[in-house]
Every structure is written in C-alpha cells, then in structure tokens.
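2 protein chains.
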Amino acid sequence: MAGEEQDTEAKIKRAAEQVFLEYGYEGAKIRQIADAAGVNIALVNYYFRSKEQLFKSIYMENFRAFFGRIVMMLNEETPLEVKIWKIVDRYTDFILDNPLIPIFILAENRKGSDVFFKELHVREVIKSAYFTKQLQEEVSKGNIRPIKPLHLIMTIVGNIVFPILARPIVSYVGDFDSDGFRQFMEERKKIVPEMIMAYLRPV
Amino acid sequence: MAGEEQDTEAKIKRAAEQVFLEYGYEGAKIRQIADAAGVNIALVNYYFRSKEQLFKSIYMENFRAFFGRIVMMLNEETPLEVKIWKIVDRYTDFILDNPLIPIFILAENRKGSDVFFKELHVREVIKSAYFTKQLQEEVSKGNIRPIKPLHLIMTIVGNIVFPILARPIVSYVGDFDSDGFRQFMEERKKIVPEMIMAYLRPV
DNA sequence: TTATATTTTAAACACTTGTTTAACTTCACA
DNA sequence: TGTGAAGTTAAACAAGTGTTTAAAATATAA
Chain A
472 MAGEEQDTEA KIKRAAEQVF LEYGYEGAKI RQIADAAGVN IALVNYYFRS KEQLFKSIYM
532 ENFRAFFGRI VMMLNEETPL EVKIWKIVDR YTDFILDNPL IPIFILAENR KGSDVFFKEL
592 HVREVIKSAY FTKQLQEEVS KGNIRPIKPL HLIMTIVGNI VFPILARPIV SYVGDFDSDG
652 FRQFMEERKK IVPEMIMAYL RPV
Chain F
472 MAGEEQDTEA KIKRAAEQVF LEYGYEGAKI RQIADAAGVN IALVNYYFRS KEQLFKSIYM
532 ENFRAFFGRI VMMLNEETPL EVKIWKIVDR YTDFILDNPL IPIFILAENR KGSDVFFKEL
592 HVREVIKSAY FTKQLQEEVS KGNIRPIKPL HLIMTIVGNI VFPILARPIV SYVGDFDSDG
652 FRQFMEERKK IVPEMIMAYL RPV
C-alpha cells in the first residue's frame, strides 16, 4: 500500500527487463512478462508495439550500461595506474550487482548487427577518447610499454566479466556459496590490476 | 555422390549441432534441424527421443570440448611457464576454429544445473590435478608468488575467450575484417602469457 | 519368396506463440 | 453532467511449436 504503485508502462518495462535478462529474447514469453507485471497481455502490445520493440529498448539500455560505463570510466582524467585500479574495483562491483547483464548482452549479440554500435557511437567514443591519448603519452614518456588500447580494454573487462559468465562452473569447482563467489571476485580486484601493471611497467 | 553419405542419425546430430550452436536451445527449431539434415521431421524424434535429449547430448560434447580441453592441457607435465605459453597458443587456436562454442556453453548455462559438472567430474579433476600440485611446488620453491589455481585458470581462459564472446563489438571498434580479428587474437598469444608471467615472477 | 523388423513418410495432434479485436471501464475536462 | 480520449479486458486469431500416429517403403533373414 506504500508508494509501490507505478504507471502501467513502467511496470511492464521493469517486468520485461527481469524476464528478458533471465531467459533471453527467445526464452522470454509475453504472457510471462504480463504476469510478472500483473497486467493483461494486450497491454504489452498497447504500450510497446511488439515484443521485438520492447526487447530492443531494454537491450539498448543494458548495452549502454555494460559498455558505456567502462568507456566513461576509461576517459576520466586520472593517472593511468590509479585509473586501472579504480575501474577494476568499480566495474567488478557493478557486475556483481548486475550479474545477468553480461551474458544477456553477449548472447543476444551473436548475430551482431552493427546497428546498435553505430547508434551508440561506440567506435568514435573509443577512437577519439582521452584514454587512447593517455596511453600514447605514457608510452612515449617511457612509463609503460606499448599496447593497443583495445588489448588493454579486453584484458580489463575479460578478467572481470568472464568469471561471472562462467559463474555456475566457478562456484561448483571452488565450492562457493554466494558469499564465497563474491569473495573470489574481491580477490580479483587486487590480482587483475597488479597483473596489468606488472605487464605494463617497462623492463 | 562421393563418400558424403552418412547414416541418418549422424546427419541429424551434425545438423542439430550446427543449429543449436548458432541459435541456442530456444532459438533452434526441430524443423530447421530436420531441413539442415535433409530428413523428415519425425526422424529427429525417432532417433533422439526429444528435442531436449538431442540438445543435452550435444551440449555435453561441447562442454567437454570447451572445459575438458583446458583441464587436460593444464595437467600436462610440462614446466609451468612453457605450459602457459602453450595453453594460450593452442586454446586460442581451438577457440578461433570453434568460435560458437563459448557463447553456446555459457548462455545455456545461465540456469546452471550442477548435473553436467558432476557427470563430468569437473571438481575432482581440478582438485586432484597435477596442475594444482605444480603450482604449490613452484610457490614453495619461491619461483612464483602464491595464487589460487582457479584465479590463474580464469585469467588464462577469460583473456582468450572474452574477445571471442564480444567479437562483434571488438571487430566493429577495431574495424576488423575476419583476418583483422584473427590477427588481433594472434597478438594476444604474446600479451597474455607475458602478462601472467610478469605477475607471477616474484619481486 | 515370405515374413519380420527397421526405417521413412505425410499428416495430424495438442499446445503455445505473438498479436489483434471489439467491447467495457476509467478518466479528464468543458 | 456529458463527451471523447485513454486505459483495460476477455476472447479470439493465425501461425508456429514439439511430438505422435499410422501407413508405406526398405532392409534383413528364414
């Protein structure tokens, strides 16, 4: 009876997000979404024209959350090493709070139409980024060894995200409960930046 | 007209693997599998009792290929550094030759029932592994710094597999064609082992 | 060849899917 | 208060789903 009431459109979207994230596009059924939202099936098509359009808006939001966030952090004007530590820390927390996003984004992206990336100006944002310039400067100062930005990004993101993608296997092998897995990820907050810096520092 | 004839059961399985890998369990349709195999729909259920059972057998095979392969390589009796270089090299090649396997395995594993792992003795294979002992020995000899086997495994696999999972994005951002992406992965064959060794070597 | 089992087929079945319809209710406002 | 718009509903629609059936074709063996 508290302020939990939302307008119908928002209720549907919230329910759809939950269902799509858990089951994917094909696995999610409109009736399931309607049930989760507690509304009539027809209302889903009344507010959003089709399943595909509803999915698309949710996909875009989560794509932006998943990749936009890392790009934003990369472009903060912070010294490189501090930045890497900070990104790993904050991105790990983000992924732990939203563990379904990575597999959702990547699985639905198998067919991979350019459209999404173009609409989000992904390439431009990275090419013209402060991060790219920062890396070049650190290299020419002799502070770090040369590395392509994309390799560094893949290393940061992959090291954080992959254990989440493989979480059932990781938890089974490591015999982790929910807290155990969280602690495993906390350990990586130290390992991953140290490893990256160990590589980057010139010999 | 050459020796391309197979028995029906094998034809169905081969077609099913291709379709399941590309579209996932929900996205794959029996009629599509039957068409790809060039057989009547009913034959799919004649040879395999149901869609689920057909899927299960294919999933198991690919799970074994995906994780079994890395476990096997980890347990070869080779000096640690040599081994890491070799694994990254060979596993990268394997993933490049079978790029659909990782997202297939991980996406279908969202719900993550223990059953598969138990049947494949995943935990035991890792716990009692030569690799685990080897790591401990290297640590006590002072050759490397302490690290949990699972962290090292996640780092190796994540660094190789993640770019494949994010391939559409990577290729778009890096403006790669098929060869360009392959070359990007070839570069990682050097970066990833060097980074891991830079971390492991004691200060 | 004949009889028996195996394989293959077209058709249908029962059910679920996303979507639409047309009637009904609620609301805003002149 | 009355009127049109917006919101909601149960029901139906057409297409697609995995699966089964019963008959036909083919292979196997006596």
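Going down the list, the protein sequences come from chains A and F.
Residue numbering for the first sequence follows my numbering, starting at 472 and increasing by one per position.
Residue numbering for the second sequence follows my numbering, starting at 472 and increasing by one per position.
Each residue gets a CB set at the ideal place from its N, CA and C atoms; glycine is no exception.
Consider the Cβ of VAL644 (chain A): report whether some Cβ of chain F lies at a distance smaller than 8 Å. Reading the first sequence from its first residue, position 173 is the one you call residue 644 (chain A). Yes - at least one Cβ of chain F is within 8 Å of the one on VAL644 (chain A).
Mind the definition here: the segment 624 to 638 of chain F touches the segment 651 to 666 of chain F only if three or more C-beta pairs lie below 8 Å; say whether that holds. yes
Please report the straight-line C-alpha distance between VAL644 (chain F) and VAL559 (chain A), rounded to a whole angstrom. Taking the second sequence and counting its residues from 1, the one referred to as residue 644 (chain F) is at position 173. Taking the first sequence and counting its residues from 1, the one referred to as residue 559 (chain A) is at position 88. Taking the straight line from one Cα to the other gives about 21 Å.
Rank A:ARG485, A:SER649, A:GLY495 by C-alpha distance to the C-alpha of PHE519 (chain A) and give the top, closest one. By 1-based counting over the first sequence, the position of residue 519 (chain A) is 48. With distances taken between Cα atoms, PHE519 (chain A) lies closest to A:ARG485.
LEU671 (chain A) (DSSP reduced to helix, strand or coil): Here residue 671 (chain A) refers to the residue found at position 200 when the first sequence is read from its first residue. Three-state result, LEU671 (chain A): helix.
Neighbour flag for ARG520 (chain F) against chain A, beta carbons, 8 Å: Here residue 520 (chain F) refers to the residue found at position 49 when the second sequence is read from its first residue. With 8 Å as the cut-off, ARG520 (chain F) does not count as an interface residue toward chain A.
So, is the C-beta of ASN614 (chain A) closer than 8 Å to a C-beta in chain F? Stepping through the first sequence from its first residue, residue 614 (chain A) is reached at position 143. No, its Cβ sits nowhere closer than 8 Å to a Cβ of chain F.
Please report whether the beta-carbon of THR603 (chain A) lies at a distance below 8 Å from any beta-carbon of chain F. Along the first sequence, read from residue 1 onward, the residue named residue 603 (chain A) stands at position 132. No - not a single Cβ of chain F is within 8 Å of the one on THR603 (chain A).
Among F:ASN511, F:LEU514, F:VAL674, F:SER528, whose alpha-carbon lies nearest the alpha-carbon of TYR496 (chain F)? The count along the second sequence starts at 1 and reaches residue 496 (chain F) at position 25. Answer by Cα proximity: F:SER528.
Round the Cβ separation of PRO617 (chain A) and THR603 (chain A) to the nearest angstrom and send it over; I've been treating them as touching at under 8 Å. The residue you call residue 617 (chain A) lines up with position 146 of the first sequence. The residue you call residue 603 (chain A) lines up with position 132 of the first sequence. 13 Å between Cβ atoms; not a contact.
Give a yes or no on whether 8 Å exceeds the smallest Cβ distance from PHE633 (chain A) to chain F. Residue 633 (chain A) sits at position 162 when you count from the first residue of the first sequence. True, the Cβ-Cβ gap to chain F drops below 8 Å.
Which runs of the alpha helix (DSSP H) at least 4 residues long sit entirely within the segment 570 to 622 of chain F? Give them in chain order. 572 to 578, 585 to 590, 593 to 598, 601 to 611
Going along the segment 547 to 580 of chain A in order, which residues come within less than 7 Å of chain F, judged by CB to CB distance? ILE574, LEU577, ALA578, ASN580
For a test of your reading of the model: does the CB of LYS557 (chain A) fall under 7 Å from any non-hydrogen atom of the ligand ADP? Yes or no. By its list of ligands, the structure shown contains no ligand whatsoever, and the ligand ADP lies outside what it can speak to.
Short of 8 Å in beta carbon distance, which residues of its chain neighbour ILE615 (chain A), apart from the five on each side in sequence? Order them along the chain. Here residue 615 (chain A) corresponds to residue number 144 of the first sequence, with the count starting at 1. Once the five neighbours on either side are set aside, the close Cβ partners of ILE615 (chain A) are LEU551, LEU606, GLU609, LEU671, ARG672, PRO673.
Between which two residues does the alpha helix (DSSP H) holding GLU488 (chain A) run? Reading the first sequence from its first residue, position 17 is the one you call residue 488 (chain A). First-last of the alpha helix (DSSP H) with GLU488 (chain A): 479 to 498.
Sorted by chain position, which residues of the same chain lie with C-beta nearer than 7 Å to ILE566 (chain F)'s C-beta, five sequence neighbours on each side aside? Here residue 566 (chain F) refers to the residue found at position 95 of the second sequence. Excluding sequence neighbours, ILE566 (chain F) sits near PRO573, ILE631, VAL632, ILE635.
Among A:ALA481, A:GLU488, A:ILE504, A:ARG535, whose alpha-carbon lies nearest the alpha-carbon of ILE640 (chain F)? As a position in the second sequence, residue 640 (chain F) is number 169, starting the count at 1. Minimum Cα distance to ILE640 (chain F) is reached at A:ARG535.
So, at 6 Å on beta carbons, what are the nonlocal neighbours of LEU525 (chain F) in its own chain, with the 5 sequence-adjacent residues on each side left out? Taking the first residue of the second sequence as 1, we reach residue 525 (chain F) at position 54. Cβ neighbours of LEU525 (chain F) beyond the five flanking positions: ALA487, PHE519.
Please classify GLU579 (chain F) as buried or exposed, where buried requires at least 16 neighbouring CB atoms within 10 angstroms. Counting from 1 along the second sequence, the entry for residue 579 (chain F) is found at position 108. Buried, by the Cβ-count rule.
Am I right that LYS482 (chain A) and ALA513 (chain A) are in contact with their C-beta atoms under 8 Å? What's the rounded C-beta distance? On the first sequence, residue 482 (chain A) is found 11 positions in, with the first residue counted as 1. On the first sequence, residue 513 (chain A) is found 42 positions in, with the first residue counted as 1. Not confirmed; about 14 Å, so no contact.
Just the Cα atoms here: how many angstroms apart are LYS554 (chain F) and ILE501 (chain F)? Reading the second sequence from its first residue, position 83 is the one you call residue 554 (chain F). Reading the second sequence from its first residue, position 30 is the one you call residue 501 (chain F). So the two alpha carbons sit approximately 42 Å from each other.
ASN533 (chain A) lies in the alpha helix (DSSP H); which residues open and close that run? Translated into the one-based positions of the first sequence, residue 533 (chain A) becomes position 62. First-last of the alpha helix (DSSP H) with ASN533 (chain A): 522 to 534.
Taking DSSP as the reference, what is the three-state secondary structure of GLU552 (chain F)? Here the question's residue 552 (chain F) lines up with position 81 in the second sequence. Residue state, collapsed to three classes: helix.
With 8 Å set as the bound, which would you pick, yes or no: does the beta-carbon of ARG659 (chain A) sit closer than that to a beta-carbon of chain F? Taking the first sequence and counting its residues from 1, the one referred to as residue 659 (chain A) is at position 188. With 8 Å as the cut-off, ARG659 (chain A) counts as an interface residue toward chain F.
Using only the alpha-carbon positions, how far apart do LYS612 (chain F) and MET668 (chain F) sit? For the purposes of this step, residue 612 (chain F) is taken as the residue at position 141 of the second sequence. For the purposes of this step, residue 668 (chain F) is taken as the residue at position 197 of the second sequence. C-alpha separation (whole angstroms): 16 Å.
Does ASP648 (chain F) come out as helix, strand or coil in the three-state DSSP assignment? Here the question's residue 648 (chain F) lines up with position 177 in the second sequence. Looking at ASP648 (chain F) - three-state DSSP - the assignment turns out to be coil, as it is neither helix nor strand.
So is MET666 (chain A) buried or exposed if we call it buried at 16+ other beta carbons inside 10 Å? To locate residue 666 (chain A), count along the first sequence from 1; it is residue 195. MET666 (chain A) comes out buried.
PRO570 (chain F) and ARG653 (chain F): beta carbons closer than 8 Å? By 1-based counting over the second sequence, the position of residue 570 (chain F) is 99. By 1-based counting over the second sequence, the position of residue 653 (chain F) is 182. Not in contact: PRO570 (chain F) and ARG653 (chain F) (Cβ atoms no closer than 8 Å).
Do you know how far the Cα of ASP648 (chain A) is from the Cα of PHE537 (chain A)? Numbered from 1 along the first sequence, position 66 holds the residue referred to as residue 537 (chain A). Numbered from 1 along the first sequence, position 177 holds the residue referred to as residue 648 (chain A). Cα-Cα distance, rounded: 25 Å.
Our contact map puts ARG594 (chain F) next to PHE588 (chain F) with C-beta atoms below 8 Å; I'd like the distance itself, whole angstroms only. If you number the second sequence from 1, residue 594 (chain F) lands on position 123. If you number the second sequence from 1, residue 588 (chain F) lands on position 117. At roughly 7 Å, the Cβ-Cβ gap stays under 8 Å, so ARG594 (chain F) and PHE588 (chain F) are in contact.
When we look at the beta-carbon of VAL663 (chain A) and count the other beta-carbons within 10 Å, is it buried (16 or more) or exposed? Position 192 of the first sequence, counting from 1, holds the residue named residue 663 (chain A). Buried: at least 16 other Cβ atoms inside 10 Å.
Buried versus exposed, by CB contacts within 10 Å (16 or more), TYR530 (chain F): Here residue 530 (chain F) corresponds to residue number 59 of the second sequence, with the count starting at 1. Burial call: buried.
Cβ of GLU475 (chain F) less than 8 Å from any chain A Cβ? On the second sequence, position 4 is the one that residue 475 (chain F) refers to. Note that GLU475 (chain F) scores a pLDDT of 43, beneath 50, so its modelled location is shaky; the value from the coordinates is reported in the next line. No, no contact with chain A.
Where TYR670 (chain A) meets chain F, residues with beta-carbon distance less than 8 Å: Position 199 of the first sequence, counting from 1, holds the residue named residue 670 (chain A). Within 8 Å Cβ-Cβ: ILE662, GLU665, MET666, ALA669, TYR670.
Going by C-alpha to C-alpha distance, which of F:ILE597, F:ALA505, F:ALA600 sits closest to PHE491 (chain F)? Position 20 of the second sequence, counted from the first residue, corresponds to residue 491 (chain F). Looking at the Cα atoms, F:ALA505 is the closest of the given residues.
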